[in-house]
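To start, the structure itself, in structure tokens.
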Amino acid sequence: MKTPSQPRAIYYIVAIQIWEYFSFYGMRALLILYLTHQLGFDDSHAISLFSAYASLVYVTPILGGWLADRLLGNRTAVIAGALLMTLGHVVLGVESTSAWSLYVALAIIICGYGLFKSNISCLLGELYAHDDPRRDGGFSLLYAAGNVGSIAAPIACGLAAQWYGWHIGFALAGIGMFIGLMIFLSGSRHFRHTRGVDKPALRAVKFVLPTWGWLLVMLCLAPVFFHSAAAKQLVRLSAGDRLPVRRPDGGADHDQSPGASSRAVADRPADARRNVVLGAGAAGRELD
1 MKTPSQPRAI YYIVAIQIWE YFSFYGMRAL LILYLTHQLG FDDSHAISLF SAYASLVYVT
61 PILGGWLADR LLGNRTAVIA GALLMTLGHV VLGVESTSAW SLYVALAIII CGYGLFKSNI
121 SCLLGELYAH DDPRRDGGFS LLYAAGNVGS IAAPIACGLA AQWYGWHIGF ALAGIGMFIG
181 LMIFLSGSRH FRHTRGVDKP ALRAVKFVLP TWGWLLVMLC LAPVFFHSAA AKQLVRLSAG
241 DRLPVRRPDG GADHDQSPGA SSRAVADRPA DARRNVVLGA GAAGRELD
């Protein structure tokens with residue numbers, strides 16, 4: 001029996017998924033090396049900043065999903081997210097020697113990722129009826145597309161950065177996201193049925209919120225990266241509030257109550273097991 005063909009819209013979703021993964025993993029492959037070699041960050045500062053960034057990109061999709069469900073619709077959220085990610089990579093590509101531009105660019109990318117990541121799968125799901133046998137095949141294509149982009153990105157962006165400079169490596173990631181967005185927009189006629197596209201009462205808000213609202217969020221996020229102590233606190237919270245954080249005087253921020261040393265030693269095996277579990281969970285999320 002002939003297998004029913006997939007909806008035409010899926011190919012535009014797959015295309016933007018490939019380029020989104022290319023953009024995201026291409027920049028991420030360069031980030032630690034860029035922080036240490038170009039900006040002169042020490043290893044602990046660079047790792048703290050990278051960890052804060054990695055934590056936030058998996059928190060903001062909660063807000064992005066809420067905005068799509070309540071206000072924007074999945075398609076509008078995907079477009080706004082892709083635009084913000086393109087802008088963030090352009091900022092890195094244009095000015096790759098300023099720490100402040102790095103913080104702003106990361107905040108923009110985080111906001112864009114929050115809008116995009118939580119809604120691209122939902123947009124794909126809207127193409128099928130609940131009992132449509134093509135649904136599993138459609139999501140398999142989406143995950144395969146992500147693998148293609150994530151494999152190609154570190155190679156392409158890494159070589160571009162090595163041969164032509166950091167700004168070219170970051171710019172290549174932004175160009176990839178822009179290509180994906182243009183392909184997606186060229187198939188707009190296939191998404192007219194999706195929820196939230198034609199809500200007349202929300203049209204004005206749709207134009208304002210993805211720009212001004214997310215700019216406010218970016219301004220709130222930028223200090224997290226600018227102040228290394230804030231980044232370390234975010235990492236500490238993500239790890240269950242067990243990681244020691246250095247004080248300005250060079251000491252470690254441990255519990256100084258009586259018996260703290262013995263409790264710290266006793267807690268190390270449990271902490272190690274928990275960190276392994278947290279790491280495995282983070283790896284599993286990245287595979288999604």
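Throughout the sequence shown, residue numbering follows UniProt numbering, covering 1 to 288 in sequence.
Don't be surprised by glycine CBs; every beta carbon is placed ideally from N, CA and C.
A direct Cα-to-Cα measurement between Val94 and Leu33 gives close to 18 Å. With the rule of 3 Cβ pairs closer than 8 Å, the segment 103-121 counts as touching the segment 73-92. The three-state secondary structure of Phe50, taken from DSSP, is helix.
The Cβ atoms of Gly137 and Gln6 lie closer than 8 Å to each other. By the beta-carbon neighbour count (other beta carbons within 10 angstroms, threshold 16), Asn119 is buried. A residue is called buried when at least 16 other Cβ atoms come within 10 angstroms of its Cβ; Leu83 meets this threshold and is buried. CA-to-CA, the gap between Asp43 and Ala29 works out to about 16 Å. A straight line joining the alpha-carbon of Ile13 with that of Ala171 spans about 23 Å. Ala144 and Thr36 have their C-alpha atoms some 33 Å from each other.
For the set Ser48, Leu142, Met27 and Ile175, the Cα lying nearest the Cα of Ala15 is the one of Leu142. Between the C-alpha atoms of Tyr58 and Trp163 there is a straight-line separation of about 32 Å.
Excluding its 5 nearest sequence neighbours in each direction, Leu124 has C-beta neighbours in its own chain below 7 Å: Ile10, Ile13, Gly138, Phe139 and Leu142, listed in chain order. If you ignore the 5 residues before and after Tyr21, its C-beta comes within less than 6 Å of the C-beta of Gly146, Gly149 and Ser150, all in its own chain and listed in chain order.
Between Gly187 and Gly169 the beta-carbon gap is near 29 Å, outside 8 Å, which marks them as no contact. Distance from the CA atom of Ala105 to the CA atom of Leu87, rounded to whole angstroms, is 8 Å.
In terms of CA proximity to Trp100, Leu49 leads the group Val78, Leu49 and His130. Taking C-beta separations shorter than 8 Å and ignoring five residues to either side along the sequence, the partners of Phe41 in its chain run Leu35 and Leu49, following chain order.
In chain order, Val57 place their CB closer than 6 Å to the CB of Tyr113, counting only its own chain and leaving out the 5 sequence neighbours on each side. Listed in chain order, the non-local C-beta contacts of Met177 below 7 Å within the same chain comprise Trp19, Glu20, Ser23, Ala82, Met85, Thr86 and His89, local neighbours out to five positions each way being set aside.
DSSP, reduced to helix, strand and coil, places Tyr58 outside both helices and strands of the structure shown, so it counts as coil. The closest CA to that of Arg189, considering only His130, Arg75 and Ser55, is found on Arg75.
Here DSSP, grouped into helix, strand and coil, assigns Glu20 to helix.
Cβ-Cβ distances below 6 Å link Gln38 to Trp166 in the same chain, with the five nearest sequence neighbours on each side left out; the list follows chain order. In the three-state scheme derived from DSSP, where H, G and I count as helix and E and B as strand, Arg8 is classed as coil.
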